[in-house]
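Chemist:
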Amino acid sequence: DGGITQSPKYLFRKEGQNVTLSCEQNLNHDAMYWYRQDPGQGLRLIYYSQIVNDFQKGDIAEGYSVSREKKESFPLTVTSAQKNPTAFYLCASSILPGQGAHEQYFGPGTRLTVT
Amino acid sequence: AQTVTQSQPEMSVQEAETVTLSCTYDTSESDYYLFWYKQPPSRQMILVIRQEAYKQQNATENRFSVNFQKAAKSFSLKISDSQLGDAAMYFCAAAMDSNYQLIWGAGTKLIIKP
Chain A
1 DGGITQSPKY LFRKEGQNVT LSCEQNLNHD AMYWYRQDPG QGLRLIYYSQ IVNDFQKGDI
61 AEGYSVSREK KESFPLTVTS AQKNPTAFYL CASSILPGQG AHEQYFGPGT RLTVT
Chain B
1001 AQTVTQSQPE MSVQEAETVT LSCTYDTSES DYYLFWYKQP PSRQMILVIR QEAYKQQNAT
1061 ENRFSVNFQK AAKSFSLKIS DSQLGDAAMY FCAAAMDSNY QLIWGAGTKL IIKP
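Chains as they are written, first to last, in my numbering: chain A, 1 to 115; chain B, 1001 to 1114.
Printed below as a string of structure tokens:
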């Protein structure tokens, strides 16, 4: 089945440690996105990528880093510089925007808790 | 600034009845796209319905329909014959810039009373 997988579902880390969240898609989508979701707020864009080896910062990129070495994969690293990393993280993908906006397909998310 | 506002943090409706969720947005663009997404307790985000701003006809998907008022910058979602499975957070989102990045509202929690 086509879709987006994120792993793990729950992740616990100690403060000061970097942690990498996985996102893989087999939908053959060019564009991929990382969002952060906090209670009572809408999704906020962290990073997005429209092509391999290229990515752009979203609204809240500070303290995060990404890579896009393969079309199917877009891992997110939450660094120790991120002041408040505990949150729910959603990965999404879509057909390349440019001829209109397209539906974004979402993974099941990763709940990160940092103590 | 481009914004999306959902003014109802929570709504409740009796099973089988109709409910309308509100969404307003602010943009100076003429070409944009509007979406309603559903996030059930599983937290999997699912597209409910989509509307292109250049289309005057309101989008409909089975029991879900929108009331798109372009001049008022309003995009409400109507759910008819509400079912228990409709209970979820509903997010309004808009792609309003040249990159078509989505801007999200804060969400409305929909409760279905049996």
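All C-beta atoms, glycine included, are put in the ideal place defined by N, C-alpha and C.
(1) What three-state label does DSSP hand ASP54 of chain A in the structure shown?
(2) Residue ranges of each alpha helix (DSSP H) run of no fewer than 4 residues wholly in the region 1069-1111 of chain B, ordered along the chain?
(3) I'd like the span of the beta strand (DSSP E) that includes LYS1038 of chain B, first residue to last.
(4) Could one say the Cβ of GLN1051 of chain B lies closer than 8 Å to chain A's Cβ atoms, at least one of them?
(5) DSSP on LEU11 of chain A, reduced to helix/strand/coil?
(6) Using a Cβ cut-off of 7 Å, pull out every chain A residue sitting near GLY1107 of chain B, in sequence order please.
(7) Whole angstroms is fine: what's the gap from ILE95 of chain A's alpha carbon to PRO1009 of chain B's?
(8) Would the beta-carbon of GLU15 of chain A fall within 8 Å of that of THR79 of chain A?
(9) Got a sec: which bits of the region 3-32 of chain A sit with their beta carbon under 7 Å from any beta carbon on chain B, in order along the chain?
(10) Measure the CB-CB distance between ALA31 of chain A and SER49 of chain A and report whether it falls below 8 Å.
(11) Distance cutoff 8 Å, beta carbons only. Does GLN104 of chain A sit that close to anything in chain B?
(12) Can you find a CB in chain B that lies within less than 8 Å of the CB of TYR47 of chain A?
(13) At the level of alpha carbons, what is the spacing between GLU1029 of chain B and MET1096 of chain B?
(14) Look at the alpha carbon of ALA1087 of chain B and the alpha carbon of GLN1101 of chain B, and state the distance between them as a whole number of angstroms.
(15) Note down, in chain order, each residue of its chain lying with its Cβ closer than 6 Å to the Cβ of THR1024 of chain B, except the 5 sequence neighbours on either side.
(16) Using a threshold of 8 Å, state whether the C-beta atoms of ALA986 of chain B and GLN41 of chain A are closer than that.
(17) Comparing alpha-carbon positions, which option in A:PHE12, A:PHE74, A:GLY3 lies nearest GLN1044 of chain B?
(18) Which residues of the region 60-89 of chain A have a Cβ closer than 9 Å to any Cβ of chain B? Give them in chain order.
(19) For my contact list, SER1076 of chain B and ASN1067 of chain B are in at a C-beta cut-off of 8 Å; report their separation, rounded to the angstrom.
(20) For TYR1025 of chain B, which residues in chain A fall below 9 Å Cβ to Cβ?
(21) By Cβ distance below 6 Å, which residues in the same chain neighbour PHE1035 of chain B in space, the five residues on each side in sequence not counted?
Modeler: Let's see:
(1) What you label residue 54 of chain A is simply residue 54 of the first sequence in a count that begins at 1. DSSP places ASP54 of chain A in strand when its eight states are reduced to three.
(2) Runs of the alpha helix (DSSP H) inside the region 1069-1111 of chain B: none found.
(3) Locating residue 1038 of chain B in the second sequence gives position 38, counting from the first residue. Counting along the chain, LYS1038 of chain B sits inside the beta strand (DSSP E) bounded by residues 1033-1039.
(4) The count along the second sequence starts at 1 and reaches residue 1051 of chain B at position 51. So, not an interface residue.
(5) Mapped onto the first sequence, residue 11 of chain A falls at position 11. LEU11 of chain A falls in the strand class under three-state DSSP.
(6) On the second sequence, residue 1107 of chain B is found 107 positions in, with the first residue counted as 1. Chain-ordered, the chain A residues with CB closer than 7 Å to the CB of GLY1107 of chain B read GLY42.
(7) Residue 95 of chain A sits at position 95 when you count from the first residue of the first sequence. Residue 1009 of chain B sits at position 9 when you count from the first residue of the second sequence. Approximately 31 Å between the Cα atoms of the pair.
(8) For the purposes of this step, residue 15 of chain A is taken as the residue at position 15 of the first sequence. For the purposes of this step, residue 79 of chain A is taken as the residue at position 79 of the first sequence. No, these two residues do not count as a Cβ contact at 8 Å.
(9) Taking 7 Å as the Cβ-Cβ cut-off against chain B, none of the residues of the region 3-32 of chain A qualify.
(10) For the purposes of this step, residue 31 of chain A is taken as the residue at position 31 of the first sequence. For the purposes of this step, residue 49 of chain A is taken as the residue at position 49 of the first sequence. Contact: yes.
(11) Residue numbering aside, residue 104 of chain A sits at position 104 when the first sequence is read from its first letter. Taking Cβ atoms only, chain B reaches closer than 8 Å to GLN104 of chain A, which makes this a yes.
(12) Walking along the first sequence from the start, residue 47 of chain A turns up at place 47. Chain B, which has no Cβ nearer than 8 Å to the Cβ of TYR47 of chain A, makes this no.
(13) As a first step, residue 1029 of chain B is located in the second sequence; it is residue number 29 there, counting from the start. As a first step, residue 1096 of chain B is located in the second sequence; it is residue number 96 there, counting from the start. Near 7 Å, if we compare the C-alpha coordinates of MET1096 of chain B and GLU1029 of chain B.
(14) Taking the first residue of the second sequence as 1, we reach residue 1087 of chain B at position 87. Taking the first residue of the second sequence as 1, we reach residue 1101 of chain B at position 101. Taking the straight line from one Cα to the other gives about 27 Å.
(15) Indexing the second sequence from 1 puts residue 1024 of chain B at position 24. Same-chain partners within the cutoff: THR1005, LYS1073, SER1074.
(16) Only positions 1001 to 1114 of chain B appear in the structure, and residue 986 of chain B is not among them; the question remains open.
(17) As a first step, residue 1044 of chain B is located in the second sequence; it is residue number 44 there, counting from the start. It is A:GLY3 whose Cα lies nearest to the Cα of GLN1044 of chain B.
(18) PHE88
(19) Within the second sequence, the letter at position 76 stands for residue 1076 of chain B. Within the second sequence, the letter at position 67 stands for residue 1067 of chain B. Yes, they are in contact, since the Cβ atoms of SER1076 of chain B and ASN1067 of chain B sit about 5 Å apart, within 8 Å.
(20) Residue numbering aside, residue 1025 of chain B sits at position 25 when the second sequence is read from its first letter. Per Cβ cutoff of 9 Å: no residues; TYR1025 of chain B is ~12 Å from chain A at best.
(21) Residue 1035 of chain B sits at position 35 when you count from the first residue of the second sequence. The residues are ARG1050, ALA1093.
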